[in-house]
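**Q**
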Amino acid sequence: MKNRYRIEIFDEIRSNDLTIYSETAVDKDYLIDIVFSNLRNFQGNVSAYVFDNKIKKKTTFLSLPFETINKINSKAIDAAELMGLKS
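What follows is the structure in structure tokens.
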């Protein structure tokens, strides 16, 4: 089934929502990878879930608190400055 799984990533600012569709199942590890690769786009508490369109049910959920997001984003900025990617 095409676009069977819908991945929703969102934060407290609803304009930053991200939706990704997948034909293959999404487990917790893959969901974490997707969230962390898109983390710089979000502020505040971040939540993500996988919705199975065939059985009409949420299958996986992830929630990251505000403190974790800030810590990870600040480390990414520091690394970018060290590599000369950001001034």
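Under the working numbering, the first residue of the sequence shown is numbered 64, with each subsequent residue one higher. Heads up, the beta-carbon is just placed ideally off N, CA and C, and yes, glycines get one too.
1. If I measure Cβ to Cβ from T123 and keep anything under 6 Å in the same chain, skipping five residues before and after, which residues do I get?
2. By how many angstroms is the C-alpha of I70 removed from the C-alpha of S85?
3. Look at L102 and I135 and say whether their C-beta atoms are less than 9 Å apart.
4. Compare the beta carbon distance of S126 and V109 with 9 Å and say whether it is the shorter of the two.
5. In terms of DSSP beta bridges, what is R69 paired with?
**A** Reading from the atomic positions:
1. Counting from 1 along the sequence shown, the entry for residue 123 is found at position 60. Contacts found: K91, L94 and V113.
2. Stepping through the sequence shown from its first residue, residue 85 is reached at position 22. Stepping through the sequence shown from its first residue, residue 70 is reached at position 7. Taking the straight line from one Cα to the other gives about 8 Å.
3. Taking the first residue of the sequence shown as position 1, residue 102 is located at position 39. Taking the first residue of the sequence shown as position 1, residue 135 is located at position 72. The answer is yes: Cβ separation under 9 Å.
4. Within the sequence shown, residue 126 is the residue found at index 63, counting from 1. Within the sequence shown, residue 109 is the residue found at index 46, counting from 1. Cβ distance < 9 Å, so S126 and V109 count as in contact.
5. The count along the sequence shown starts at 1 and reaches residue 69 at position 6. Paired residues: Y84 and F114.
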